[in-house]
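Encoded as structure tokens, the structure appears first; notes follow it.
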Amino acid sequence: MADDLYLAALPDAVVVVGPDGHISYANLATERLARVPLAELSGRPLDEALPLRDGAGNPWWACSARLRRLPGVHRVPARQLQLVLGGRAVPVELAATFLRDSKGQVTEALCVLRDDSARGRADVTRADLISTLAHELRSPLTSVKGFTSTLLHRWERFPDDQKRFMLATVNADADRVTRLINELLDVSRIEAGRLEIRRRPIEVPKLAEDILARFQLDPDGHTFQISFPDDFPEVYADADKVAQVLTNLVENAVKYSDGGTVIVSGEPADGAVEIAVRDQGIGIPADQIPLIFTKFYRRGGGGAPSGTGLGLYIARGLVEAHGGRIWARSEPGRGTEVRFRLPLSGPGAAAGE
Ligand code: ADP
0 MADDLYLAAL PDAVVVVGPD GHISYANLAT ERLARVPLAE LSGRPLDEAL
50 PLRDGAGNPW WACSARLRRL PGVHRVPARQ LQLVLGGRAV PVELAATFLR
100 DSKGQVTEAL CVLRDDSARG RADVTRADLI STLAHELRSP LTSVKGFTST
150 LLHRWERFPD DQKRFMLATV NADADRVTRL INELLDVSRI EAGRLEIRRR
200 PIEVPKLAED ILARFQLDPD GHTFQISFPD DFPEVYADAD KVAQVLTNLV
250 ENAVKYSDGG TVIVSGEPAD GAVEIAVRDQ GIGIPADQIP LIFTKFYRRG
300 GGGAPSGTGL GLYIARGLVE AHGGRIWARS EPGRGTEVRF RLPLSGPGAA
350 AGE
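The numbers in numbering that gives the first Met the number 0 rise by one with no breaks, and the one at position 304 of the sequence shown is 303.
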């Protein structure tokens, strides 16, 4: 039946309940939400087959009996409930319509259920965002404020080298705040799909050399190597964005290793190039590798270097905006390799353009 097809195609679960509280119809989305085959839902009491509980743990159908007895009530506005299945609670939004006969008796209740867990996750992310940002902004600003007010009030009392030290700290901390703000702007551009990729032919080995030259100035106990074949092709990409990705990967390689060699390498790969940054650092446990490219993921613990957990998320956004992809391999205790692939000419770049 065409109506059935439409109902089946709906993203929200639609459940029809008879006056006795038993399910008379459920669409396909219900099966996905409840993780139970449709055949097992039909004919069963709603409160048992789809245990919807309010904040106090009460079953929804039983609790809505009062509303069903009020003849004037036809619509129950959307409300948040928990669907408790197999020891796990899925937040759902439920809206219901009561169909009534001429005497006002409920003949059927039409319930629409929407999986609300994504909203829950978004809220958690927002809460995480605020606490991460507050922390990341507060620590550099503490030193900016502390040192500038000390210098303003006691300028005469400090020798030049101490004044220079304080100003250098303020300078570095102001850079940290600027960087965090730039990262946040990148995140918002990535998420709004507003990242502008300005492609031109670029020489990645030259770009990598320039980046490593900057790290050489302050090697922090590391040695740097570069390895590209002579026939490494030109890539049609956004030079600034590729440099941003490479800089971030080398920064991580340095940050998460206690000395050792950091190698930047590249090779042609079937209409694309692959570029890798390898270190001999602490590594990443296998189960956490998929998480490192997600927003705000940081492997915490005492002594973990500071960061926002945004670097690899942004790197992934920049690589994917070029039509490429990025991934990592790691051996805990031995080192990590983060590798990305860029098409020679990505989407939107006509051949020979
Ligand atoms: P941040 O470095 O600011 O925490 P990133 O998004 O750059 O954020 O990295 C996310 C997490 O991935 C880091 O907190 C770290 O635990 C892990 N990680 C990234 N690169 C490496 C690496 N080269 N070696 C070990 N762990 C890494």
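Ideal placement from N, C-alpha and C gives every residue a C-beta, glycine not left out. Remember, predicted model here, so these are calculated numbers, not experimental data.
Of all alpha-carbon atoms in 223, 215, 267, the one lying nearest the alpha-carbon of residue 230 is that of 267. The three-state reading of DSSP puts residue 134 in helix, counting H, G and I together. Residue 76 and residue 110 have their C-alpha atoms roughly 11 angstroms apart.
Under the DSSP assignment, residue 106 falls outside any alpha helix (DSSP H), being part of the beta strand (DSSP E) whose first and last residues are 105 to 114. With a cutoff of 7 angstroms, residue 254 counts as near the ligand ADP, since its C-beta is closer than that to a heavy atom of the ligand. CA-CA distance, residue 197 to residue 238, rounds to 8 angstroms. Note on geometry: alpha-carbon atoms of residue 108 and residue 313 lie some 47 angstroms from one another. Taking 8 angstroms as the upper bound for CB-CB distance, residue 256 and residue 278 are in contact here, some 5 angstroms apart.
Here the distance from the Cβ of residue 283 to the nearest heavy atom of the ligand ADP is below 7 angstroms.
CA-to-CA, the gap between residue 311 and residue 292 works out to about 5 angstroms.
Using a Cβ distance threshold of 8 angstroms, residue 114 and residue 89 count as a contacting pair. Considering only 272, 280, 269, the residue with the shortest C-alpha distance to residue 253 is 280. In this structure, 15 is the residue among 55, 226, 15 with its C-alpha nearest to the C-alpha of residue 98.
Using a Cβ distance threshold of 8 angstroms, residue 204 and residue 265 count as a contacting pair. Per DSSP, the beta bridge partners of residue 223 are 261. In this structure, residue 168 sits near residue 142, with a CB-CB distance shorter than 8 angstroms.
In the three-state scheme derived from DSSP, where H, G and I count as helix and E and B as strand, residue 152 is classed as helix.
Approximately 15 angstroms separates the beta-carbon atoms of residue 319 and residue 327; this is outside 8 angstroms, ruling out the contact.
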